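Data block below; observations after.
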Amino acid sequence: MLLTKYLTPELRKELEGIVTPNGVTIELIERSGMMNPDAKIGLYAGDAESYQPDYFGRLFDPVIAEYHGFGPDDKHVSDLDPTHLKDVGNLDPAGEMIISTRIRVARNSAGFAFTPAISKEDRLVVEKNLVDALNSLTGDLKGTYHSLESMDEETRKRLVEEHFLFRDDDKHVEDAGIYRDWPSGRGVFLSEDRKFGVWVSEEDHRIFSLEQGADVYSVFDRLSRGALALEEQVPFARHDRYGVLTSCPTNVGTGMRASVMIKVPNISKDEKAFKELCLSMGLQARGMHGEHSESGEGGIYDVSNKQRLGKSEVELIQGLVDGVKKLMEMERNASTMAASA
Ligand code: ADP
Ligand code: MG
Numbered sequence: 000m001l002l003t004k005y006l007t008p009e010l011r012k013e014l015e016g017i018v019t020p021n022g023v024t025i026e027l028i029e030r031s032g033m034m035n036p037d038a039k040i041g042l043y044a045g046d047a048e049s050y051q052p053d054y055f056g057r058l059f060d061p062v063i064a065e066y067h068g069f070g071p072d073d074k075h076v077s078d079l080d081p082t083h084l085k086d087v088g089n090l091d092p093a094g095e096m097i098i099s100t101r102i103r104v105a106r107n108s109a110g111f112a113f114t115p116a117i118s119k120e121d122r123l124v125v126e127k128n129l130v131d132a133l134n135s136l137t138g139d140l141k142g143t144y145h146s147l148e149s150m151d152e153e154t155r156k157r158l159v160e161e162h163f164l165f166r167d168d169d170k171h172v173e174d175a176g177i178y179r180d181w182p183s184g185r186g187v188f189l190s191e192d193r194k195f196g197v198w199v200s201e202e203d204h205r206i207f208s209l210e211q212g213a214d215v216y217s218v219f220d221r222l223s224r225g226a227l228a229l230e231e232q233v234p235f236a237r238h239d240r241y242g243v244l245t246s247c248p249t250n251v252g253t254g255m256r257a258s259v260m261i262k263v264p265n266i267s268k269d270e271k272a273f274k275e276l277c278l279s280m281g282l283q284a285r286g287m288h289g290e291h292s293e294s295g296e297g298g299i300y301d302v303s304n305k306q307r308l309g310k311s312e313v314e315l316i317q318g319l320v321d322g323v324k325k326l327m328e329m330e331r332n333a334s335t336m337a338a339s340a
């Protein structure tokens, strides 16, 4: 675990007693990792200040450097312009393998604590500010906010099943303090066509664009318009070198995870080998219902960019597109071989 690797007893002692303006301490930052020895990272930031040298930067910096391969002289650059993508027509016009495409970016409201440390009162203010901004969106982004607090159980379950809503059953996230006061201050905004949405105060805010099929350009274009329109009204937390700041340091930089839900029964027969193949291409394979879930019936996986920092959004999506094209080619070959065997 990167937490225990870099939080040496000496550093732990030095950080003891430091408190950010939002009341974040080393005890809060390390709690989830301490309670979950299986964690790969193990630390969560309680606010933007947590990442700063005066507070807990001495712990976050080496973790980020190792996890993202991001050196002390590197500076993150963002590029949310979809016209900079190359060769991204529909990846799968015949609808052979790709079921749907989703891109999400994580954001946190500037000037407030992040979800592991925010107070119930502040969470309600954050919700109100973001919902006011969401209600001002126009055109295809126009939609409705569904508060989790007033949602009936049947609707909640259906929205989770349809991939439109988050859950509250991740132990690592829970132990980080993120589910305090659940479900107060949380909810989901969905555009009328349900292709654009925002999860308010999940692990971070998660702005997403999701549609059936494999039109990556269209998904990115919508995401980008939505994220930029919101940022005009609600400033988001940023770092001068790391870019976007998030609760979990794995998401800093772009905060972006771009994924396709893809059906590859032949090349995923050996799941472990398939996941390693994806990793070798800079991609991560998850199950059909998000992180830590099982693959779907018939080899369905959520394949996304693994890296979030040090490459722009455009570069990361380009990497996904190129990798997924290769996976599709391999799947076609494997299925021809299986048929002729
Ligand atoms: P994140 O934390 O990146 O938002 P999760 O792994 O928690 O992602 O998944 C969130 C939800 O989004 C889950 O329901 C997951 O199945 C869904 N999802 C992710 N990628 C896709 C995709 N390409 N098509 C449809 N649903 C997706
Ligand atoms: Mg998640």
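Take the sequence shown: its letter number 42 is residue 41 in numbering that gives the first Met the number 0, and every next letter is one higher.
The beta carbon of each residue, even a glycine, is placed where N, CA and C say it ideally should be.
Since the model is a prediction, treat every value here as computed from it, not as a measurement.
Residues near residue i by beta carbon distance below 6 Å, same chain, minus five either side
i      : result
Gly322 : Met280, Leu282
Leu123 : Gly184
Leu147 : Pro182, Arg185, Gly186
Gly286 : Ser292, Glu293, Ser294
Ser99  : Gln211, Met260
Lys274 : Ala284
Arg103 : Arg205, Phe207, Arg256
Asn89  : Ala213, Asp214
Beta-carbon proximity list for residue i, same chain, < 8 Å, skipping 5 on both sides
i      : result
Ser108 : Val125, Asn128, Leu129, His204, Val233, Pro234, Phe235, Ala236
Glu15  : Ile25
Lys141 : Ser190, Glu191
His171 : Ser31, Asn35, Ala38
Tyr144 : Val130, Leu133, Asn134, Gly186, Val187, Phe188, Val199
Tyr66  : Leu1, Ile40, Pro248, Thr249
Asp174 : Arg30, Ser31, Met34, Asn35
Closest by C-alpha distance to residue i, when choosing among the options
i      : options                        : result
Gly196 : Leu58, Val218, Gly94           : Val218
Asn250 : Gly225, Thr19, Asn304          : Asn304
His238 : Thr253, Ala226, Ala175         : Thr253
His75  : Glu314, Ser146, Ser339         : Glu314
Leu2   : Lys12, Ile17, Pro61            : Pro61
Asp167 : Ile28, Thr100, Glu201, Asn134  : Glu201
Lys194 : His171, Ala213, Asp180, Arg221 : Arg221
Arg101 : Tyr66, Ile316, Glu330          : Ile316
Thr7   : Pro52, Gly45, Phe59            : Phe59
Lys324 : Asp301, Asp91, Asp269          : Asp91
Gly225 : Gly242, Ala284, Asp139         : Asp139
Arg11  : Pro20, Lys156, Tyr54           : Tyr54
Val243 : Glu161, Gly309, Asn332         : Gly309
Glu328 : Tyr216, Ile266, Glu270, Gly298 : Ile266
Thr19  : Gly110, Asn89, Arg103          : Gly110
Val23  : Met0, Asp169, His162, Gln51    : Gln51
Tyr216 : Val320, Glu330, Phe163         : Val320
Leu84  : Glu330, Gly318, Ser339         : Gly318
Glu120 : Thr154, Asp180, Thr82, Phe165  : Asp180
Thr335 : Arg240, Glu312, Val87, Val263  : Val263
Arg307 : Gly56, Ala64, Tyr178, Asn21    : Ala64
Asp80  : Phe165, Ser223, Glu13          : Ser223
His357 : Ala337, Asp169, Ala333         : Residue 357 cannot be examined here, being either before or after the span of the chain that is shown, 0 to 340.
Gly56  : Asp86, Arg240, Glu160, Arg155  : Arg240
For residue i, the residue or residues it bridges with in DSSP
i      : result
Lys262 : Ile299
Val104 : Ile206, Met255
Gly138 : DSSP lists no partner for Gly138.
Ile98  : Answer is none; Ile98 lacks a bridge partner.
Tyr50  : For Tyr50, which the question treats as bridged, DSSP gives no partner whatsoever.
Val243 : Arg237, Gly252
Gly186 : Ser146, Val199
Gly70  : In DSSP, Gly70 forms no bridge with anything.
Arg285 : Asp301
Gln211 : Ser99
Chain-order list of residues whose beta-carbon lies under 7 Å from that of residue i (same chain, five-residue window excluded)
i     : result
Leu27 : Gly45, Pro115, Ala116, Gly176
Tyr5  : Leu58, Pro61, Val62
Tyr43 : Ile28, Ser31, Pro115, Ala175, Ser246, Cys247
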